[in-house]
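Each remark here refers to the structure printed beneath this line.
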Amino acid sequence: MTYKNDWIIRHTLLIAALASATVTVQARQRIADRVWSDLPAFTQVIENQNERRLTSDRWDGLWEGDTPPRLPRVAAPSATVKRWWQGEDSDYLNEETAAATAGQYSNPLRIWEQESYLAGNGRIGASVLHGSGRDRYALNEVSFWSGGRNGGTINSNGDKSFRGENNPYVGDDGFGGAQPVGDLIVDFDTPAACGSFLRQIILDEGLVTSAARRRDTLIESTTFCSHPDQVMVIHYRADRPQGLSARLLFVTQRDEDTVSACQATRRLTLQSRLRNGMECMAVADIRVHGGTLTPGEGFFTVDNADSLTIVTAIETNYVMDHARRFRGESPEIKTEARLRAVDDTGYNRLLLRHQADYRQLYGRQELTLNTDDTDTIPTPRRLAAYRTAGHDPATDNLIYNFGRYLTITSSRPGSLPGGLQGLWNARITAPWGNDYHSNINFQMLYWFAEAANLPECHRAMLDYLRAMREPNRIATREYLEAIGRKAEDAADGWIVYTSHNPFGGHGWQVNLPGSAWYALHFWEHFAFTSDTTYLREEAYPVMKELCHYWERNLKQLGRGGQGFESEYRPVDTSAYPELHDIAEGTLVVPNGWSPEIGPRGEDGVAHDQQIVSQLFANTVKAAGILRTDSLWAAGLSEKLGRMAPPRIGAKGNLMEWMIDRDPVTDHRHTSHLFAVFPGNAINSESTPLLAQAARRSLEMRLTSGDSRRAFAWAWRACLWARFGEGGKAHEMIEGLVRHNMLDNLLTTQNLPLQIDGNFGIATAMHEMLLQSHSGVIQLLPAPAPGWTSGSIRGAKARGNLEVDISWNEGQVTRWAVYSTAPTDETVTVKVNGLYVQTTPRTRAD
Numbered sequence: 005m006t007y008k009n010d011w012i013i014r015h016t017l018l019i020a021a022l023a024s025a026t027v028t029v030q031a032r033q034r035i036a037d038r039v040w041s042d043l044p045a046f047t048q049v050i051e052n053q054n055e056r057r058l059t060s061d062r063w064d065g066l067w068e069g070d071t072p073p074r075l076p077r078v079a080a081p082s083a084t085v086k087r088w089w090q091g092e093d094s095d096y097l098n099e100e101t102a103a104a105t106a107g108q109y110s111n112p113l114r115i116w117e118q119e120s121y122l123a124g125n126g127r128i129g130a131s132v133l134h135g136s137g138r139d140r141y142a143l144n145e146v147s148f149w150s151g152g153r154n155g156g157t158i159n160s161n162g163d164k165s166f167r168g169e170n171n172p173y174v175g176d177d178g179f180g181g182a183q184p185v186g187d188l189i190v191d192f193d194t195p196a197a198c199g200s201f202l203r204q205i206i207l208d209e210g211l212v213t214s215a216a217r218r219r220d221t222l223i224e225s226t227t228f229c230s231h232p233d234q235v236m237v238i239h240y241r242a243d244r245p246q247g248l249s250a251r252l253l254f255v256t257q258r259d260e261d262t263v264s265a266c267q268a269t270r271r272l273t274l275q276s277r278l279r280n281g282m283e284c285m286a287v288a289d290i291r292v293h294g295g296t297l298t299p300g301e302g303f304f305t306v307d308n309a310d311s312l313t314i315v316t317a318i319e320t321n322y323v324m325d326h327a328r329r330f331r332g333e334s335p336e337i338k339t340e341a342r343l344r345a346v347d348d349t350g351y352n353r354l355l356l357r358h359q360a361d362y363r364q365l366y367g368r369q370e371l372t373l374n375t376d377d378t379d380t381i382p383t384p385r386r387l388a389a390y391r392t393a394g395h396d397p398a399t400d401n402l403i404y405n406f407g408r409y410l411t412i413t414s415s416r417p418g419s420l421p422g423g424l425q426g427l428w429n430a431r432i433t434a435p436w437g438n439d440y441h442s443n444i445n446f447q448m449l450y451w452f453a454e455a456a457n458l459p460e461c462h463r464a465m466l467d468y469l470r471a472m473r474e475p476n477r478i479a480t481r482e483y484l485e486a487i488g489r490k491a492e493d494a495a496d497g498w499i500v501y502t503s504h505n506p507f508g509g510h511g512w513q514v515n516l517p518g519s520a521w522y523a524l525h526f527w528e529h530f531a532f533t534s535d536t537t538y539l540r541e542e543a544y545p546v547m548k549e550l551c552h553y554w555e556r557n558l559k560q561l562g563r564g565g566q567g568f569e570s571e572y573r574p575v576d577t578s579a580y581p582e583l584h585d586i587a588e589g590t591l592v593v594p595n596g597w598s599p600e601i602g603p604r605g606e607d608g609v610a611h612d613q614q615i616v617s618q619l620f621a622n623t624v625k626a627a628g629i630l631r632t633d634s635l636w637a638a639g640l641s642e643k644l645g646r647m648a649p650p651r652i653g654a655k656g657n658l659m660e661w662m663i664d665r666d667p668v669t670d671h672r673h674t675s676h677l678f679a680v681f682p683g684n685a686i687n688s689e690s691t692p693l694l695a696q697a698a699r700r701s702l703e704m705r706l707t708s709g710d711s712r713r714a715f716a717w718a719w720r721a722c723l724w725a726r727f728g729e730g731g732k733a734h735e736m737i738e739g740l741v742r743h744n745m746l747d748n749l750l751t752t753q754n755l756p757l758q759i760d761g762n763f764g765i766a767t768a769m770h771e772m773l774l775q776s777h778s779g780v781i782q783l784l785p786a787p788a789p790g791w792t793s794g795s796i797r798g799a800k801a802r803g804n805l806e807v808d809i810s811w812n813e814g815q816v817t818r819w820a821v822y823s824t825a826p827t828d829e830t831v832t833v834k835v836n837g838l839y840v841q842t843t844p845r846t847r848a849d
């Protein structure tokens with residue numbers, strides 16, 4: 005009996021199985037609180053893990069009573085079938101995977117992307133695959149990277165090398181890529197009984213749990229990555245004495261990795277060293293209750309236990325300090341300190357500490373959309389129904405909460421920020437190295453943190469950017485010299501490339517306004533928190549030095565656009581009537597590109613102009629708030645007034661370039677609409693004509709073909725929300741779910757997993773319910789038509805304000821604005837079309 009053909013029997017038996025499960029499993033019934041499945045995950049080797057013949061996936065796809073297959077399942081694979089090493093980023097066929105999954109998955113990478121349930125604490129994480137016969141935990145530590153500074157340039161455009169450099173063998177002179185630590189396997193070597201299986205992420209508890217009956221014993225597990233204790237905890241327990249037996253082992257990712265098992269310490273150890281000098285160690289402290297623990301050659305066997313707790317410390321020798329060449333204390337010292345700190349701490353105490361920490365973050369906000377709230381359908385089946393019907397407020401609610409869960413688990417203060425896949429990666433050759441992509445993706449990963457009332461989760465990005473300033477300056481000087489400029493033209497400012505890494509290394513093409521876009525994050529953190537100390541000591545110095553760069557490096561055009569260049573060459577401006585009204589002295593960003601479309605090396609690209617203008621405007625505001633640099637800020641304001649402004653094209657669209665090219669395309673990026681979102685310079689109130697043109701441009705960005713990427717749906721949903729069109733915004737949510745959301749709710753960049761869309765779509769939902777970018781708090785500015793009733797508590801608005809809203813039939817019925825401290829200042833709120841002045845109160849009131 006295979007997984008695909010037995011849903012009716014399974015569903016009937018599952019009800020009976022749940023009746024015998026613990027309160028932890030029973031209590032989770034609200035749709036918005038959990039991601040779950042009643043099917044075991046497939047646990048096949050994901051990329052190149054070496055299982056040393058100590059474990060296998062032979063029970064994948066099978067239930068108790070089924071006959072296990074002879075391995076490999078496909079003895080003589082077709083010579084014409086592509087194998088994983090010939091194209092891991094395409095949807096190639098791996099016959100062994102296809103056989104194991106009865107055709108459900110074409111290769112093991114799709115298994116990892118679609119079946120994993122993610123756990124993390126911002127620094128360490130696991131992709132959890134609870135299977136029928138074994139459980140797989142693909143482990144990560146966010147700083148474990150190959151590569152280094154990737155110095156030098158490769159052409160006169162200032163580009164850097166990048167492609168093919170995201171493997172574990174790249175030294176500190178290349179770009180590199182994020183590296184998985186290895187996998188922890190718990191092998192029961194017996195399948196689950198049909199109908200007894202449950203695996204889930206409990207979003208409001210920060211837990212990944214499972215339950216399955218094996219050999220008449222119900223075995224439950226709970227997994228979490230503790231932020232207070234900085235360890236991963238896995239706890240198994242049986243519902244009868246001596247009912248738990250399993251083999252425990254690490255499987256390695258690289259030939260150089262080593263594994264050992266020590267009986268005296270009850271510890272499994274996995275050690276790795278990369279060619280760039282990065283070291284990583286994972287140490288699993290194994291605590292067995294009521295049974296025996298026997299060591300083997302790099303593994304342990306647990307026999308007849310009542311329960312089992314695995315406390316794993318994962319550390320590297322990375323330190324976020326350029327002056328120390330990003331190398332610090334050895335992972336041996338750090339793992340020992342972590343485990344010693346919790347040596348006398350039992351599982352229940354570890355769990356309580358984790359929950360207290362997690363709940364005080366997750367509990368700040370609660371969204372409830374109209375729903376019957378009956379959680380009887382597994383998440384994959386619920387998504388399948390959504391893709392057909394396009395309407396399920398409960399699933400929208402779940403997607404929003406999942407964004408909050410991912411924010412907390414992927415990004416916390418004191419560690420590196422998440423990359424394209426967050427901190428999770430099971431591959432030694434991750435797509436784009438799981439890097440920091442500066443032309444939308446890295447930013448989108450952190451759009452949601454402030455709105456979600458999780459400002460401390462934003463700090464990982466901000467602290468990283470501050471720590472990278474010096475290596476970024478080095479890369480900036482290299483760029484300027486490559487294009488024939490003087491290194492001094494960088495002043496104290498810096499730019500970034502499309503890709504960058506934890507060592508201050510940059511790759512691929514230069515992204516000139518990328519750092520100015522990052523400056524918006526520094527400003528937004530202040531705008532949402534009103535922390536003037538932070539503004540003075542951290543944000544303003546960064547914003548100011550970035551302005552210094554652009555003061556030196558903007559280009560002046562002559563009358564009628566004289567001096568204008570495209571593709572790094574002068575243009576005959578007389579051939580373009582749209583340039584004739586350009587005033588002499590107009591300032592443009594030179595050598596630009598509208599990511600990732602159109603000509604490179606072009607002046608005055610809308611994306612570049614909008615971002616640098618937003619930087620100047622916010623920096624002038626910051627100087628005013630801090631009452632500093634008044635003369636300099638006045639000069640900056642004068643330059644802002646000379647920046648080439650947004651322009652309207654012949655088709656009524658907002659022009660993407662100063663030359664009026666055809667705006668109709670299905671390209672994935674909407675870079676020329678930055679000023680609508682995440683910027684705020686174009687809006688219906690103060691710039692109605694430009695807003696109308698921007699809306700027209702968004703209509704012309706088709707939603708077929710290339711546009712079907714998670715980040716594209718999410719950005720467009722945010723844009724439609726800013727235009728006040730909730731129906732259109734929700735169409736983007738539907739498009740994301742239909743085309744770019746996997747059964748575990750993770751989003752994709754066409755095929756590769758890429759979770760920026762998870763954060764972006766949650767941001768869009770918040771924008772549909774609350775906006776504050778214009779200085780007015782707008783309640784329900786763009787609600788989805790299907791969200792007829794609901795409420796949100798703890799929605800964050802700029803000004804360090806929390807807002808509670810209840811609504812019915814699209815009209816606000818109750819609302820309140822709260823401040824963290826008593827205040828006499830009033831704020832303006834737009835509610836049901838009316839403007840109201842109110843004084844925020846504190847929650848204690």
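Going from the sequence shown to the numbering used here is simple: count from 1 and add 4. C-beta: ideal position from N, C-alpha, C; glycine also.
On the DSSP bridge assignment, give the partners of residue i in chain order.
i              : result
isoleucine 652 : Leu658
lysine 559     : Val592
valine 835     : Leu838
serine 54      : Contrary to the premise, residue 54 reads as asparagine rather than serine in this sequence. The partner list for asparagine 54 (beta bridge, DSSP) reads Thr256.
serine 793     : Asn812
arginine 203   : Ser41, Ser214
methionine 236 : Cys229, Thr316
proline 581    : Bridge partners of proline 581: none, in fact.
alanine 786    : None, per the DSSP bridge assignment.
leucine 774    : Leu783
Assign residue i to buried or exposed, taking buried as 16 or more other Cβ atoms, counted over all protein chains shown, within 10 Å of its Cβ.
i             : result
serine 708    : exposed
aspartate 852 : Because the chain is modelled from 5 through 849, residue 852 falls outside the range shown and cannot be assessed.
glycine 126   : buried
lysine 164    : buried
alanine 848   : exposed
glycine 779   : exposed
Verify the contact flag: residue i, CB atom, against every heavy atom of the ligand COA, threshold strictly below 8 Å.
i           : result
glycine 814 : With respect to small molecules bound, the structure shown includes none, and the ligand COA cannot be examined in it.
Under three-state DSSP, which class holds residue i?
i              : result
serine 264     : strand
valine 624     : helix
glutamine 30   : Low confidence applies here, because glutamine 30 scores a pLDDT of 39, under 50, leaving its location unreliable; read the following figure in that light. Three-state DSSP puts glutamine 30 in a helix.
alanine 434    : coil
asparagine 754 : coil
isoleucine 663 : coil
proline 76     : coil
tryptophan 451 : coil
Going by beta-carbon coordinates alone, are residue i and residue j separated by less than 9 Å?
i                 : j              : result
tyrosine 450      : methionine 465 : yes
phenylalanine 678 : isoleucine 615 : yes
isoleucine 412    : tyrosine 468   : no
alanine 695       : asparagine 622 : no
glutamine 758     : arginine 726   : no
valine 816        : threonine 842  : no
alanine 716       : alanine 733    : no
proline 232       : glutamate 283  : no
leucine 371       : leucine 773    : yes
valine 306        : serine 249     : yes
valine 592        : leucine 561    : yes
Relative to the alpha-carbon of residue i, which residue among the options has its alpha-carbon at the smallest distance?
i              : options                        : result
isoleucine 128 : Val593, Asp259, Ala286, Asp396 : Ala286
valine 624     : Ala610, Gln614, Val616, Leu640 : Leu640
alanine 268    : Pro599, Leu188, Ile290         : Ile290
glycine 210    : Pro76, Ser120, Tyr362, Glu99   : Tyr362
isoleucine 318 : Ala610, Pro184, Leu207         : Pro184
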